[in-house]
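Peer 1: The structure follows.
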Amino acid sequence: MSATVVRSKPWAPPARVEREELVGISDRLLAEPDIPWTREEEISRLHANGMDWDIGTLVYAPDDPAKAPIGPDGKKIGIFMTHGGASDWRSMDPLARTFCGKRGYKVCSMTYPGRFWFDNPDHDWPGDTFHEDGTVRTPVWLRGETITPDQYEVKADDSHRAIYGTRRYAVARPGSLFYLRMAAWPKAIVEAMKDICARHFPPDEWSIYVHGHSTGGPFVHTLMQRCENVRGLIGVENSPFGYLFNKMTGHDWPTPFNYILVRNWRELARYRGAELALQEGEKPLFRLAQVMEEIFDLWDVSKRAPQFKAENWYHNRTVSCLTEAAQVAARHQNMNADETQALVDEYLGYGVPQQGEDARPVPPLLHGICEYSRDHRPEKYEMMRREYAGLKPAPKFEYVQLGAGIHSYWREEAGLPLGVCPAVVKIWDEAIMNGWYDVP
212 MSATVVRSKP
222 WAPPARVERE
232 ELVGISDRLL
242 AEPDIPWTRE
252 EEISRLHANG
262 MDWDIGTLVY
272 APDDPAKAPI
282 GPDGKKIGIF
292 MTHGGASDWR
302 SMDPLARTFC
312 GKRGYKVCSM
322 TYPGRFWFDN
332 PDHDWPGDTF
342 HEDGTVRTPV
352 WLRGETITPD
362 QYEVKADDSH
372 RAIYGTRRYA
382 VARPGSLFYL
392 RMAAWPKAIV
402 EAMKDICARH
412 FPPDEWSIYV
422 HGHSTGGPFV
432 HTLMQRCENV
442 RGLIGVENSP
452 FGYLFNKMTG
462 HDWPTPFNYI
472 LVRNWRELAR
482 YRGAELALQE
492 GEKPLFRLAQ
502 VMEEIFDLWD
512 VSKRAPQFKA
522 ENWYHNRTVS
532 CLTEAAQVAA
542 RHQNMNADET
552 QALVDEYLGY
562 GVPQQGEDAR
572 PVPPLLHGIC
582 EYSRDHRPEK
592 YEMMRREYAG
602 LKPAPKFEYV
612 QLGAGIHSYW
622 REEAGLPLGV
632 CPAVVKIWDE
642 AIMNGWYDVP
């Protein structure tokens, strides 16, 4: 392990790291000897919101506990991370491996409830998302539990075709198990994050730094103020609190809470098109057939991941969806009026910073954004800076512009076999070890 340089003057993140420097960082860090480490799989059962949930977590840790680094606060360093979009743990695997193998950090990488495929050793989801018999892929929230076709109908939506193409949803029928799961999962994911951190990172020994790619960002922002030893955000292409993401997009999520988006190649195309336009302008239009073939090839690999998404209305804090979901979950548990309102308030509170004397302050937030990211642009982060400045107390907030990479920041490109992951490890390790996350 290369020793982290601790400076005598206050450390500050770079405003921008150009591509040439990113390649140099990657070459140097990947040339370092690996710290021996092990990845273990953990499946835990959690009872939350009146239902049982099975949670899949991958735990990365150095084989020799003495290799675990100690931060400036005298505690061991742990990372809690979770994925984005319609993915699972495997999209976080390159970053988790690099943090553990090059710096010795223990990492817990959680898959959202419903996204972990339990029935084969590789956890690859079988087949495709849409089936010839008209059924679709659906979540598995509990081992052995199946969402049967009579519990949903498939609906198409072309209202935003210019952006998404035609999207298709599995719409849970009221009163079905699917409907109840769709109402109850927000509390389950929050309780799962808290449970993992409590078991793996007890506060008397560990400090936790959190990372949530894209849709995972609002989840770890919820966690920050509900787990006493979270020291701050390691954010790269991480969405912010739900209310801020709503400001970034300028709209609520358009469907009710019981709609789950079932993805196909179109979701890859809408990102790839924007990324190529940012990189090359109009040139890719002249090789559109090749681009589409590449997208189809990528889909053949990507469909082993879940490729469905229930979490959109949590991601951008759509009040109508959160309210109705909480009310349905409350009725299922026979809650009275006061208990129901408390659950509604809890759901609505997930997407905003907690304020007041009893609230834990929002910890320091250090983001990174990639050069060719479609949604994560500097002007949106400047909006976040202004919003955070209005909090009392205002959290420390900065972002680093990375001169390479796309939203899927681990994606290989010329000179960067792990995308920008090595630079993330170097810069954020320096931030931790040089006390950037320390607050008075």
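Under the working numbering, think of the first position of the sequence shown as 212, with each following residue one higher. Idealized CB from N, CA, C, for every residue including glycine.
For Gly614, which residues from the same chain have a beta carbon less than 7 Å from its beta carbon, with the 5 sequence-adjacent residues on both sides left out?
Peer 2: Walking along the sequence shown from the start, residue 614 turns up at place 403. For Gly614, where only same-chain residues beyond five positions count, the Cβ hits under 7 Å are Arg227, Val228, Glu229, Arg230, Leu233 and Glu582.
Peer 1: With DSSP run on the structure shown, which of helix, strand or coil describes Asp265?
Peer 2: Counting from one through the sequence shown, the residue named residue 265 turns up at place 54. Of the three classes helix, strand and coil, the one that applies to Asp265 here is strand, per DSSP.
Peer 1: So the candidates are Gly325, Thr309, Arg308 and Pro628; which of them puts its Cα closest to the Cα of Ala394?
Peer 2: Taking the sequence shown and counting its residues from 1, the one referred to as residue 394 is at position 183. With distances taken between Cα atoms, Ala394 lies closest to Gly325.
Peer 1: Within 10 angstroms of its Cβ, does Phe327 collect 16 or more other Cβ (buried), or is it exposed?
Peer 2: The sequence position of residue 327 within the sequence shown is 116, counting from 1. Buried.
Peer 1: So who's on the other strand from Pro273, going by DSSP bridges?
Peer 2: By one-based count along the sequence shown, residue 273 stands at place 62. Partner(s): Trp248.
Peer 1: Looking only at its own chain, which residues have a Cβ that is under 6 Å from the Cβ of Gly376, when we skip the five neighbours before and after it?
Peer 2: Start at 1 with the first residue of the sequence shown, and residue 376 comes out as number 165. Around Gly376: Arg477.
Peer 1: Tell me, to the nearest whole angstrom, how far the beta carbon of Trp647 is from that of Ile445; I am working on the premise that it is less than 8 Å.
Peer 2: Sequence index remark: in the sequence shown, residue 647 carries index 436 (1-based). Sequence index remark: in the sequence shown, residue 445 carries index 234 (1-based). Trp647 to Ile445, Cβ: 11 Å. No contact.
Peer 1: The alpha helix (DSSP H) spanning Ile374 covers which residue range?
Peer 2: Indexing the sequence shown from 1 puts residue 374 at position 163. Arg372 to Tyr375 is the span of the alpha helix (DSSP H), which, as asked, contains Ile374.
Peer 1: If you draw a straight line from the C-alpha of Pro385 to the C-alpha of Tyr470, how long is it?
Peer 2: Against the sequence shown, residue 385 aligns to sequence position 174. Against the sequence shown, residue 470 aligns to sequence position 259. Going by the C-alpha atoms only, they are around 11 Å apart.
Peer 1: Does DSSP put Asp335 in a helix, in a strand, or in coil?
Peer 2: For the purposes of this step, residue 335 is identified with residue 124 of the sequence shown, where counting begins at 1. Correct three-state label for Asp335: coil.
Peer 1: Looking at C-beta atoms only, is the number of pairs between the region 413-425 and the region 296-311 that lie closer than 8 Å three or more?
Peer 2: Contact holds: three or more Cβ-Cβ distances are below 8 Å.
Peer 1: Trp652 and Lys607: beta carbons closer than 8 Å?
Peer 2: Shown here, the chain extends from 212 to 651; a query on residue 652 therefore has no answer.
Peer 1: By DSSP, does Lys220 sit in helix, in strand, or in coil?
Peer 2: Position 9 of the sequence shown holds residue 220. Residue state, collapsed to three classes: coil.
Peer 1: If we count the other Cβ atoms within 10 Å of its Cβ and call it buried at 16 or more, is Gln501 buried or exposed?
Peer 2: The residue given as residue 501 occupies position 290 in the sequence shown. Exposed.
Peer 1: Let me know if His587 comes out buried or exposed under the rule of 16 or more other beta-carbons within 10 Å of its beta-carbon.
Peer 2: Counting from 1 along the sequence shown, the entry for residue 587 is found at position 376. Its Cβ being crowded by 16 or more others within 10 Å, His587 is buried.
Peer 1: Quick one, are the C-beta atoms of Thr346 and Pro332 less than 8 Å apart?
Peer 2: For the purposes of this step, residue 346 is taken as the residue at position 135 of the sequence shown. For the purposes of this step, residue 332 is taken as the residue at position 121 of the sequence shown. No, they are not a contact pair.
Peer 1: Measuring CB to CB, does Phe412 end up less than 8 Å from Gly289?
Peer 2: Here residue 412 is taken as the residue at index 201 of the sequence shown, counted from 1. Here residue 289 is taken as the residue at index 78 of the sequence shown, counted from 1. In contact: Phe412 and Gly289 (Cβ atoms closer than 8 Å).
Peer 1: To the nearest whole angstrom, what separates the beta carbons of Gly562 and Tyr390, a pair I think is in contact under 8 Å?
Peer 2: For the purposes of this step, residue 562 is taken as the residue at position 351 of the sequence shown. For the purposes of this step, residue 390 is taken as the residue at position 179 of the sequence shown. The Cβ separation is near 22 Å, so there is no contact.
Peer 1: For Phe257, list the residues DSSP reports as bridge partners.
Peer 2: Residue 257 sits at position 46 when you count from the first residue of the sequence shown. Residue identity differs from the one stated: residue 257 is Leu in this sequence, not Phe. The partner list for Leu257 (beta bridge, DSSP) reads Trp264.
Peer 1: Taking the continuous beta strand (DSSP E) assigned at Trp417, which residues delimit it?
Peer 2: As a working mapping, residue 417 is identified with position 206 in the sequence shown. Start and end: Trp417 to Gly423.
Peer 1: Quick check on DSSP: helix, strand or coil for Phe643?
Peer 2: Numbered from its first residue, the sequence shown carries residue 643 at position 432. The amino acid at residue 643 is misidentified as Phe; the sequence shows Ile. Ile643: helix per DSSP, three-state reduction.
Peer 1: Rounded to whole angstroms, what is the Cα-Cα separation between Thr340 and Ala553?
Peer 2: Along the sequence shown, one-based indexing puts residue 340 at 129. Along the sequence shown, one-based indexing puts residue 553 at 342. If you take the alpha carbons of Thr340 and Ala553, they lie about 36 Å apart.
Peer 1: Counting only the same chain and skipping the five closest in sequence on each side, list residues whose C-beta sits under 6 Å from that of Pro247.
Peer 2: Counting from 1 along the sequence shown, the entry for residue 247 is found at position 36. Around Pro247: Asp274.
Peer 1: Let me know the secondary structure DSSP gives Tyr558 once reduced to three states.
Peer 2: Working through the sequence shown from its first residue, we reach residue 558 at position 347. Tyr558 falls in the helix class under three-state DSSP.
Peer 1: Once you ignore the five residues that flank Arg442 on each side, which residues in its own chain have a CB closer than 7 Å to its CB?
Peer 2: Stepping through the sequence shown from its first residue, residue 442 is reached at position 231. Once the five neighbours on either side are set aside, the close Cβ partners of Arg442 are Ser418, Ile419, Tyr420, Pro574 and Tyr648.
Peer 1: In angstroms, rounded to a whole number, what distance separates the CA positions of Ala600 and Met594?
Peer 2: Counting from 1 along the sequence shown, the entry for residue 600 is found at position 389. Counting from 1 along the sequence shown, the entry for residue 594 is found at position 383. Rounded to whole angstroms, Ala600 to Met594 spans 10 Å at the Cα level.
Peer 1: Assuming Thr322 and Cys632 are in contact, meaning their beta carbons sit under 8 Å apart, how far apart are those beta carbons, in whole angstroms?
Peer 2: Translated into the one-based positions of the sequence shown, residue 322 becomes position 111. Translated into the one-based positions of the sequence shown, residue 632 becomes position 421. Not confirmed; about 19 Å, so no contact.
Peer 1: Do the CB positions of Ala381 and Leu257 come within less than 8 Å of each other?
Peer 2: If you number the sequence shown from 1, residue 381 lands on position 170. If you number the sequence shown from 1, residue 257 lands on position 46. No, the pair does not count as a contact, with Cβ atoms beyond the cut-off.
Peer 1: If I measure Cβ to Cβ from Leu489 and keep anything under 7 Å in the same chain, skipping five residues before and after, which residues do I get?
Peer 2: Walking along the sequence shown from the start, residue 489 turns up at place 278. The residues are Tyr583.
Peer 1: Per DSSP, which one or two residues make a beta bridge with Ala242?
Peer 2: What you label residue 242 is simply residue 31 of the sequence shown in a count that begins at 1. Per DSSP, none; premise fails for Ala242.
Peer 1: In whole angstroms, give me the CA-to-CA distance for Lys603 and Gly567.
Peer 2: Taking the first residue of the sequence shown as position 1, residue 603 is located at position 392. Taking the first residue of the sequence shown as position 1, residue 567 is located at position 356. Spanning the two alpha carbons is a distance of roughly 8 Å.
Peer 1: Whole angstroms are fine: how far does the CA of Phe519 sit from the CA of Ile358?
Peer 2: Stepping through the sequence shown from its first residue, residue 358 is reached at position 147. Stepping through the sequence shown from its first residue, residue 519 is reached at position 308. Roughly 14 Å between the two C-alpha positions.
Peer 1: Do Gly436 and Pro564 have their C-beta atoms within less than 8 Å of each other?
Peer 2: By one-based count along the sequence shown, residue 436 stands at place 225. By one-based count along the sequence shown, residue 564 stands at place 353. A quick correction: the sequence has Gln, not Gly, at residue 436. Yes.
Peer 1: Counting C-beta neighbours from all protein chains within 10 Å, is the total for Gly355 16 or more, i.e. buried, or is it exposed?
Peer 2: Along the sequence shown, read from residue 1 onward, the residue named residue 355 stands at position 144. Exposed is the call here.
Peer 1: Which term fits His578, buried or exposed, when burial requires 16 or more other beta carbons within 10 angstroms of its beta carbon?
Peer 2: One-based indexing of the sequence shown puts residue 578 at position 367. His578 should be labelled buried.
Peer 1: Please name the residue, chosen from Arg392, Ala485 and Arg410, that lies closest to Pro350 on a Cα-to-Cα basis.
Peer 2: Counting from 1 along the sequence shown, the entry for residue 350 is found at position 139. Nearest of Arg392, Ala485 and Arg410 to Pro350, Cα basis: Arg392.
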